[in-house]
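To start, the structure under review is shown below, and the notes come after it.
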Amino acid sequence: MGRRGIKEFRAPEALALVAADRDHQPLVCPSCGARKIVRVPRRRALRPGAPPRAEKITLTCQSCGRHAEYIERGQEPTRDTTMDPLAG
Ligand SMILES: [Zn+2]
């Protein structure tokens with residue numbers, strides 16, 4: 006009957022939170038409604054010329070303690086694999 010130290014969002018809740026973060030919307034906890042979502046790492050200003058990198062984003066609600074994680078993909082140029090050169 007003990008509480009577990011780590012609580013996680015339900016899948017739809019985590020998806021909603023991740024979607025809001027990706028859309029750069031204000032982050033509101035989908036479980037308890039608190040606007041106390043801590044994002045790690047923090048959003049960084051886009052630097053021109055900086056190589057986009059995929060990194061793990063952790064979103065934690067400081068109110069209810071739930072957290073969600075996702076991998077943010079860098080803004081890679083869309084590359085079609087069918088366009089690989091066959092001959093150089
Ligand atoms: Zn919460």
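If you're matching positions, the sequence shown starts at 6 in this note's numbering and goes up one per residue. Idealized CB from N, CA, C, for every residue including glycine.
Can you give me the C-alpha to C-alpha distance between Glu74 and Lys61, rounded to a whole angstrom?
7 Å
Buried or exposed: Ala24, going by 16 or more other Cβ atoms within 10 Å of its Cβ?
exposed
Quick one: is the Cβ of Arg71 within less than 7 Å of any heavy atom of ligand 1?
yes
Quick check on Val52: does DSSP put it in helix, strand or coil?
The residue asked about is misnamed: residue 52 is Arg in this sequence, not Val. Arg52 falls in the coil class under three-state DSSP.
Going by the CB atoms, is the gap between Ile42 and Leu20 shorter than 8 Å?
no
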